[in-house]
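With the first letter of the sequence shown counted as 1, position 92 gets the number 92 in the UniProt record's numbering; the numbers rise by one all the way through. Backbone N, C-alpha and C define an ideal beta-carbon position, used for all residues, glycine too.
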Amino acid sequence: MTQGGHERCAASFRSLLSPTARGLCSGKTDEKPDSSTGEERGEAGAVPGHGLFKFKELYENPWTIPNLLCVCRILLAPFLGHLIIQQKFHLSLALFTLAGATDLLDGYIARTWPTQKSALGSALDPLADKILISILYVSLTYAELIPAPLTALVIFRDIGLIAAVFWVRYKTVPPPVTLTKFFNPCYTTAQLKPTLISKINTAIQFCLVAASLAAPVFQYTDSILLQCLWYITAVTTAASGYSYWHYGRKTVQVLNTRSPS
């Protein structure tokens, strides 16, 4: 490849990581948020919302590496579930380890490079975890490696959390709420902040999946330690669900509201 070709490739990669990529969503160049002209445009473009608040339109670049890793984890989930149902535990364990690595990697990238952090990612990352965990727990229950009552508890809590995410999205999208606006990944409305017990519970749920997948491989399906992990997972899952109900709005940061006028 010529020197010019190398320079064009480098420039393309930098543009992916740059905040100016938001122009792909908004069709506008970025303005400095503290400039007077930007504030005037924000006030002029404010849209009446629910209650006393006014909404302003915020856009961000959804095409970040962490978000792409989350999508890959979601796409991997049904394939993993199929392998578990077919009792191909060796391959399932290997792919689950890969999925766990992407979960750690997307969080590391988002924390290390500010341009890779997004409000969409704050919802997409836990959503990917919930989808992956739900499919794996159902599959492992079918394979008789996780008890059905525990799977029901996990799925019931996850359905409640996913419903809450959609409700928050609906409440923070400026009216009139359309499907195009609601599902537009470029349109920034709110950022989710998981509770501490929820983070602990997610780690324990993943540990149980890993231990359950490894059980038939290493021949410890009747281990008392594995059964103790069932109860620990159940307790932390219930506590996590309660923490979201208890803290409520403190777990959500609305990004596109202006103060009441």
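Determine, using beta carbons only, whether residue i and residue j come nearer to each other than 7 Å.
{"i": "residue 153", "j": "residue 214", "result": "no"}
{"i": "residue 79", "j": "residue 216", "result": "no"}
{"i": "residue 185", "j": "residue 121", "result": "no"}
{"i": "residue 118", "j": "residue 64", "result": "yes"}
{"i": "residue 83", "j": "residue 93", "result": "no"}
{"i": "residue 76", "j": "residue 99", "result": "yes"}
{"i": "residue 226", "j": "residue 211", "result": "yes"}
{"i": "residue 243", "j": "residue 180", "result": "no"}
Below 6 Å, is the gap between the Cβ of residue i and the nearest heavy atom of the ligand FAD?
{"i": "residue 185", "result": "As far as ligands go, the structure on display features none, and thus does not contain the ligand FAD."}
Would you list the residues sitting across from residue i in a DSSP beta bridge?
{"i": "residue 253", "result": "191"}
State the start and end residues of the unbroken alpha helix (DSSP H) segment that holds residue i.
{"i": "residue 230", "result": "224-247"}
{"i": "residue 138", "result": "119-142"}
{"i": "residue 170", "result": "148-172"}
{"i": "residue 116", "result": "First-last for residue 116: undefined, no H or E at that position."}
{"i": "residue 75", "result": "65-85"}
Would you mind sorting residue i into buried or exposed? The rule is 16 or more other CB atoms within 10 Å of its CB.
{"i": "residue 224", "result": "exposed"}
{"i": "residue 149", "result": "exposed"}
{"i": "residue 70", "result": "buried"}
{"i": "residue 200", "result": "exposed"}
{"i": "residue 203", "result": "exposed"}
{"i": "residue 245", "result": "exposed"}
{"i": "residue 81", "result": "buried"}
If we cut at 7 Å on Cβ distances, does residue i have a partner in chain D?
{"i": "residue 216", "result": "Absent here is chain D; the protein component of the structure consists of one chain."}
inquiry  = Taking contact to mean 3 or more Cβ pairs, one atom from each stretch, closer than 8 Å, check whether the stretch 128-143 and the stretch 155-165 are in contact.
reply    = Yes: at least three Cβ pairs fall under 8 Å.
Stretch-stretch touch, CB-based, cutoff 8 Å, three pairs: the stretch 226-240 with the stretch 172-188 = Counting Cβ pairs under 8 Å, fewer than three are found: no touch.
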